[in-house]
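Heads up, the thing below is written out as structure tokens.
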Amino acid sequence: MQRTLFDEITSTKGDERISTRPRRAAIVPVRLTEGERDQLVEVSRDLGISLSTYVRQVVLSRPLPPRRAVRPIPEVNRETYHALGRLAADINTIARRMAERRREPGAPEVLEALELVTRFVGTVRAEVLGTTLSPEGGEV
59 MQRTLFDEIT STKGDERIST RPRRAAIVPV RLTEGERDQL VEVSRDLGIS
109 LSTYVRQVVL SRPLPPRRAV RPIPEVNRET YHALGRLAAD INTIARRMAE
159 RRREPGAPEV LEALELVTRF VGTVRAEVLG TTLSPEGGEV
């Protein structure tokens, strides 16, 4: 009987069979709620396959969504972004020095104002690049 490309080639070593198929050793951690995990377990059990096999087949068999178009950032926006970064660094320096004098009259109000200005500069920097910031300061 002739072999095909899809035949698994095995050789025997004593009583053990050695497979040439690559061993699956990489682990990809995924966080799910217990309900989500239970739902996946139920579907895989109904199909008569292990959860690992089910997840692998579902994930690897789906086509990827189309890649987001990358818009070029104009040079003036890049320059503005970097200038605002230097401004933010200067504001940070001022805030650190004011924090050393926080017991002086008016210092808490100045620190609060500097924090607002820093947030505003960060928002403007993100908008210059065409992104937005979440309230916590990370990109959305």
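In terms of the numbering used here, the sequence shown opens at residue 59 and continues consecutively.
Just so you know, even glycine gets a beta-carbon here, dropped at the ideal spot from N, CA and C.
{"Item": "Straight-line gap, E158 to L187 (C-alpha atoms, nearest Å)", "Value": "34 Å"}
{"Item": "Buried versus exposed call for A184 [16 or more other C-beta atoms within 10 Å across all chains shown]", "Value": "buried"}
{"Item": "DSSP three-state assignment for E259, whether helix, strand or coil", "Value": "The chain is shown only over 59 to 198; residue 259 falls outside these bounds and no answer can be derived."}
{"Item": "Beta-carbon spacing of L174, I152 below 8 Å", "Value": "no"}
{"Item": "Uninterrupted alpha helix (DSSP H) stretches inside the stretch 107–195 (no shorter than 4 residues)", "Value": "109–119, 133–158 and 165–186"}
{"Item": "Euclidean distance between Cα positions of R103 and L109", "Value": "8 Å"}
{"Item": "Reduced DSSP category for V99 - H, G, I as helix; E, B as strand; rest coil", "Value": "helix"}
{"Item": "Of the listed residues E94, R126, R144 and R114, nearest to A84 (C-alpha basis)", "Value": "R114"}
{"Item": "Cutoff 7 Å; reference R161; Cβ partners in own chain excluding five residues on either side", "Value": "none"}
{"Item": "Separation of L118 from V86, as counted between CA atoms", "Value": "13 Å"}
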